[in-house]
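One structure below.
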Amino acid sequence: MAFKRKKREEIRVELTSMVDVVFLLLIFFMISTTFVESQGIVVALPEANSEKIQKAPEEVKIYLEKSGRIHLDNRLISFSDLESHLASYAERASNTTFILLADEKAQHGRVIKLMDAARRAGFQKLAIATDPKSKTE
Numbered sequence: 008m009a010f011k012r013k014k015r016e017e018i019r020v021e022l023t024s025m026v027d028v029v030f031l032l033l034i035f036f037m038i039s040t041t042f043v044e045s046q047g048i049v050v051a052l053p054e055a056n057s058e059k060i061q062k063a064p065e066e067v068k069i070y071l072e073k074s075g076r077i078h079l080d081n082r083l084i085s086f087s088d089l090e091s092h093l094a095s096y097a098e099r100a101s102n103t104t105f106i107l108l109a110d111e112k113a114q115h116g117r118v119i120k121l122m123d124a125a126r127r128a129g130f131q132k133l134a135i136a137t138d139p140k141s142k143t144e
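Every letter in the sequence shown is one number past the one before it in the numbering used here, and letter 94, counting from 1, is 101.
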């Protein structure tokens, strides 16, 4: 008695729809990660032709918004808290550069007040950050 053997069908897993889903997820994550660039502090620095200074081994960066708000290490800080923070530098202050990143529309009085607080804390190297002047002017 001769039995007919049934042809075995190959088992296949359809990958087309899975590849489509993975491709869509890839596009989604690529697009969503490009918008995570903002620091949260908006400061429009003034332009100047001055030369670039050498980066110091230790520096303190203070951001001053045009509204007068002060930021230290990406967090909002009051003027009195800033003074106590600057005072904590004590003996290191003379070798540390104090960099003020003030908005070009910030009040001149606030800029002077911050620079004066740094000088009282013992900082010898004071710098005001600027953007390089565009060549079209």
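Here a beta-carbon is modelled for each residue, glycine too, at the ideal position from N, C-alpha and C. On a predicted model such as this, the values are computed, not experimentally measured, just so you know.
Alpha carbon to alpha carbon, how far is Phe36 from Thr104? Give it in angstroms, no decimals.
39 Å
What do you get for Phe130, buried or exposed, if any count of 16 or more other CB atoms within 10 angstroms of its CB means buried?
buried
How would you write the range of the beta strand (DSSP E) that Val26 sits in, first residue to last?
That residue, Val26, is in no beta strand (DSSP E); its alpha helix (DSSP H) goes 23-40.
Assigned exposure category for Val43 - 16 Cβ within 10 Å defines buried:
At Val43 the pLDDT is 47, less than 50, meaning the model places this residue with poor confidence; the figure from the coordinates comes in the next sentence. Exposed is the call here.
Please state if the CB of Leu71 and the CB of Leu79 are separated by a distance shorter than 8 Å.
no
Return the first residue and the last residue of the alpha helix (DSSP H) that Phe86 is part of.
86-94
What does Arg99 pair with, by DSSP beta-bridge criteria?
For Arg99, which the question treats as bridged, DSSP gives no partner whatsoever.
Through-space distance from Ala113 to Glu54, alpha-carbon basis:
14 Å
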